[in-house]
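My numbering applies: residue 20 is where the sequence shown begins, and numbers increase by one.
Note that CB positions come from ideal geometry on N, CA and C, so glycine has one too.
Because the structure is a prediction, the values reported are computed rather than measured.
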Amino acid sequence: MPKQKFLSSGTCSSASTVYINVCAFSGTSISLEPVPPLGLAGNFRKMYVKLVSDPDSGSSAKGYVFTLRKNKVDTVVTTTILSSTASFQNSYTGADVHFTATDTVSLSVVRSSTPANSPAFSVILEFEAD
20 MPKQKFLSSG TCSSASTVYI NVCAFSGTSI SLEPVPPLGL AGNFRKMYVK
70 LVSDPDSGSS AKGYVFTLRK NKVDTVVTTT ILSSTASFQN SYTGADVHFT
120 ATDTVSLSVV RSSTPANSPA FSVILEFEAD
């Protein structure tokens, strides 16, 4: 089965953790319905995240951590974007995380230190079915 993309976007919060659903992308159209439970077994392989602006106006140690969640529990798929991160984008290309057809999928966005800004973001997750 070909690789699929899952999309999400939202706004970071400098005050608290943000939990968001993930939407399906077939290559030609986007389903705006959240996908939990996934309905398909397979592996999440990569995650790409982009902030639209600086999370802390130049303070290199402040920003946000983005994590893929399985059944409301964090997985190893995580990436951090700090004010010092080039172009305010980063990716995860490490170990795959397997999901069953009944697992739920979501993302968490957690502050790293206390960034001053709450920028909008977009996320693309690469998934390959079993």
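Residue ranges of uninterrupted beta strand (DSSP E) with 3 or more members, entirely inside the stretch 74-106 and ordered along the chain, are 82-89 and 92-101. Relative to the Cα of F107, the nearest Cα in the group V84, V95, S125 and N62 belongs to V84.
Residue state for A60 is assigned as coil, using DSSP reduced to three classes. Under the Cβ criterion (8 Å, minimum of three pairs), the stretch 111-127 does not count as touching the stretch 73-81. The C-beta of Y111 has 16 or more other C-beta atoms within 10 Å across all chains shown, which makes the residue buried. For V71, DSSP assigns no beta-bridge partner whatsoever.
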